[in-house]
Each structure stands twice: as structure tokens, then as C-alpha cells.
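Since the structure comes first, as C-alpha cells, the remarks are kept for the end.
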């Protein structure tokens, strides 16, 4: 019995250790991404581009190529799990059912019998309808006598006209009252939301969200950027202006972008390479800080429990 408990404890401890190890790998091993491509010229589109996302020394990788292959490929180790270029297997046609194997003579007989039954039913209906029409033939109605205009009819028209005026006036007043109430509700809601915008909770929540967003963007921004360009405008003066702008931006872009001028012809081509990584724990930690913030919860409660007018 003790031996069985020891073995069960060792197995349980091993399973927990494996789960913790997988969790640590997911949290602290970043996803790596890269993007490379080439541009052939002004008249040509992007001639080549490839995006790759990998994890744990390319244990799992996803790649997309454009435009020569235009395929998405997912790999695990050296095995291709998914490839959009792989032809799909065609489904085999299903077997015919037993009802489709009936002889043609039986089907023909069934159709003939159905047609005869339908004709008989239609003839019976026509006879019944004819008999009913003969029995219930309407008698010629007497022409109504023309009503002569009278003083009472004139008074009724005046009364109807007065009632229409009263109804229109009441309806117009109700619409004005309803519009006034809607405007009042809108003004009250606007004042309520303006008070929220001026509150300290919103300022603190906004500061927290912007800070966490900057942290996420900083963690996922490209670590390597390399761009090589050959630019020419066909006019030496215009090409010189581009070089002047490049010299102004050089302190900010550094050696990541290299521009070579061509003063004799109008041309633009080059290649680029961008790579970086995404740390899962940074994104999850920022999301947790935003979710657990007291000010954000209070703001959500204020928006949800807006007082009714």
C-alpha cells in the first residue's frame, strides 16, 4: 500500500512539474517574428515578402509567403501540420440508395396512377363548386336611394371638423412635450458624463492605460530594422532634396535605413528586413494591472449604473 502511494505521489509530482514547466515556457519564452521583402520598382508591386512567427527555437513556426507561393504553413519540429497549398482530398461519391434502384416500369406506373387520381379530384371539385354557385346565386340587390342633403348632415360635418382640430392640437402638444422631455434627458446625461470626464478616477485610469500600452508597444517593437533603398528622381536637384531630408532624419533612424542616390535616372527599389519578439508575460501582466485597477472598476460601475431620469 505504501509503495502504491509513493508511485502515485511521484506521478502526480511529475505531472505538476510538467504543467508548471509548460506554463513558464509559455510566459517567459517570447514569440519571435520577422518580415523580409523586396521592391522592384515604381511600376511593379511588392515583388517578394515573407512573414515568419516562431516559438521556442522554431519548435513551432508559422510562415506566410507572397506572391510567389502565397501560402500559410504551420510546422512543428520538422513536420508540416498545415499547408494551404496542399491539395484537398476529394470526397468519394456516396452509394445510391435502395429507392434509386427501382425499375423504371414501377416508377412509370406510380406516376400514371398519381395523375389519374389528381384529375378525378379536380373534376369532383369543379362539380361541387358549380352546384354551390347554382344554389347560392345572389339575388339582384335593390339600388340604394340617394340620400338627400339635410341640415343635420351639415351639423355633423361641422362637429367632425371641430373634433379633428382638437385632436391635431392635442397631438401637437404631446409631441412638443415629448421632445422637451428628450432634450432634458439628453442634457442630464451629458452633464453626468461630463462629470465623469472631469473625475480623478478617469485621469488615473487613463494614465494607467497609456502607461501599460507604452510598455506593451516597447516590448513588441522591432529589435532589428534594415532598409536599403536606391532612389532617383531623374532630376539631380530633386534627388539632392531627398538626401537633404535623409541627413536631417539620420540622428533618429541611425544606420537602420540606408539610401543611395541615383542622379541620372528615375528609379526606386530596395529590400528590407524587420525582426522582433513578443513576450507573453508582459502583455498578460499589463492586462491584469488594468483589470484589477480600482479606478477602472469604479468607472465601469459608474457607466453601468447611470441614474435614470
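In our numbering, the protein residues as written are 67 to 375.
C-beta: ideal position from N, C-alpha, C; glycine also.
What three-state label does DSSP hand residue 115 in the structure shown? Residue state, collapsed to three classes: strand.
In this structure, what does DSSP give as the bridge partners for residue 425? For residue 425 there is no data in the structure shown, the boundaries of the chain being 67 and 375.
Assign residue 276 to one of two classes, buried (16 or more other C-beta atoms within 10 Å of its C-beta) or exposed (fewer than that). Taking all protein chains in view, the Cβ of residue 276 is surrounded by fewer than 16 other Cβ atoms within 10 Å, so the residue is classified as exposed.
Considering only DSSP beta bridges, list what residue 289 is partnered with. Residue pairing by DSSP leaves residue 289 without any beta bridge partner.
Okay, do the region 294-305 and the region 252-272 touch, 3+ Cβ pairs below 8 angstroms being the bar? Contact fails: fewer than three Cβ-Cβ distances are below 8 angstroms.
Collapsed DSSP secondary structure at residue 294 in the structure displayed: DSSP, read as helix, strand or coil, puts residue 294 in strand.
Over what stretch of residues does the beta strand (DSSP E) that includes residue 125 continue unbroken? Per DSSP, residue 125 is not a residue of any beta strand (DSSP E), being assigned neither H nor E.
Apart from the five residues on each side of it in sequence, which residues of its chain come closer than 6 angstroms, Cβ to Cβ, to residue 101? In the same chain as residue 101, and ignoring 5 residues on each side of it, the C-beta atoms closer than 6 angstroms to its own belong to 117, 340, in chain order.
Taking 8 angstroms as the cut-off, decide whether the C-beta atoms of residue 150 and residue 131 are in contact. No, Cβ-Cβ distance for residue 150 and residue 131 is not below 8 angstroms.
Considering only the alpha carbon of each residue, which of 338, 248, 247 lies closest to residue 321? Distances from the CA of residue 321 to each of 338, 248, 247 were compared; the closest alpha carbon is that of 338.
Counting only the same chain and skipping the five closest in sequence on each side, list residues whose C-beta sits under 7 angstroms from that of residue 152. Close CB contacts of residue 152 within its chain, under the 7 angstroms cut and outside five residues either way in sequence, are absent.
Which partner residues of residue 137 appear in the DSSP bridge assignment? Under DSSP, residue 137 shares a beta bridge with 131.
If we ignore side chains and look at the alpha-carbon of each, how far apart do residue 331 and residue 104 end up? CA-CA distance, residue 331 to residue 104, rounds to 20 angstroms.
From this set, 326, 96, 283, which residue's C-alpha is nearest residue 299's C-alpha? Per the Cα distances, 326.
Backbone secondary structure at residue 152 - three-state DSSP: If DSSP states are grouped into helix, strand and coil, residue 152 belongs with coil.
Counting only runs that start and end within the region 217-273, where is the alpha helix (DSSP H) found for 4 or more residues in a row? Complete alpha helix (DSSP H) runs here, min 4: 217-263.
Identify, in the order they occur along the chain, each residue of the same chain with its Cβ nearer than 6 angstroms to the Cβ of residue 98, setting aside the five sequence neighbours on each side. Here the set comprises 120, 343.
Residue interval of the beta strand (DSSP E) (run including residue 35): Lying before the first or after the last residue shown, residue 35 is absent from the chain, which here runs from 67 to 375.
Rounded to a whole number of angstroms, what is the C-alpha to C-alpha distance between residue 280 and residue 286? Each residue's CA atom was taken as its position, placing residue 280 and residue 286 some 10 angstroms apart.
Distance CB(residue 106)-CB(residue 335) smaller than 8 angstroms: Yes, the pair counts as a contact, with Cβ atoms nearer than the cut-off.
How many Å lie between residue 202 and residue 235 at the Cα? Reliability of the predicted coordinates at residue 202 is poor, the pLDDT of 46 falling under 50, and the value obtained from them is presented with this limitation in mind. One Cα belongs to residue 202, the other to residue 235, and the distance between them is close to 51 angstroms.
Sort out for me which residues DSSP pairs residue 363 with in a bridge. Beta-bridge pairing links residue 363 to no other residue.
Can you tell me whether residue 324 is buried or exposed, with buried defined as 16 or more other CB within 10 angstroms of its CB? Residue 324 is exposed by the Cβ-count criterion.
If you drop the 5 nearest sequence neighbours on each side, which residues of the same chain put their C-beta closer than 8 angstroms to that of residue 305? Excluding residues within five positions, the ones whose Cβ falls inside 8 angstroms are 297, 298, 299, 327, 328, 329.
If residue 278 and residue 346 are in contact, beta carbons under 8 angstroms, what's the gap, nearest whole angstrom? Separation of the CB atoms of residue 278 and residue 346 is rounded to 15 angstroms, and the pair is thereby denied contact status at 8 angstroms.
State yes or no: is the C-beta of residue 356 within less than 8 angstroms of the C-beta of residue 274? Taking C-beta atoms as the reference points, residue 356 and residue 274 count as a pair closer than 8 angstroms.
Residue range of the alpha helix (DSSP H) that residue 324 falls in? Residue 324 -> not in any alpha helix (DSSP H); beta strand (DSSP E) instead, spanning 323-327.
List the endpoints of the continuous alpha helix (DSSP H) containing residue 80. Residue 80 -> alpha helix (DSSP H) spans 68-94.
So, with DSSP's three-state summary, where would you put residue 170? Unreliable positioning characterises residue 170 in this predicted model, as indicated by a pLDDT of 49, which lies under 50. A coordinate reading is not provided.
Per-residue burial, residue 206 [other beta carbons within 10 Å of its own, 16 or more giving buried]: In this prediction, residue 206 has a pLDDT of 46, which is less than 50 and means its spatial position is unreliable; what the coordinates show is noted afterwards. Exposed.
CA-CA distance, residue 250 and residue 240? Residue 250 and residue 240: Cα-Cα distance of roughly 15 angstroms.
Rounding to the nearest angstrom, what Cα-Cα distance links residue 216 and residue 243 in this structure? Looking at the two C-alpha atoms, the distance is approximately 41 angstroms.
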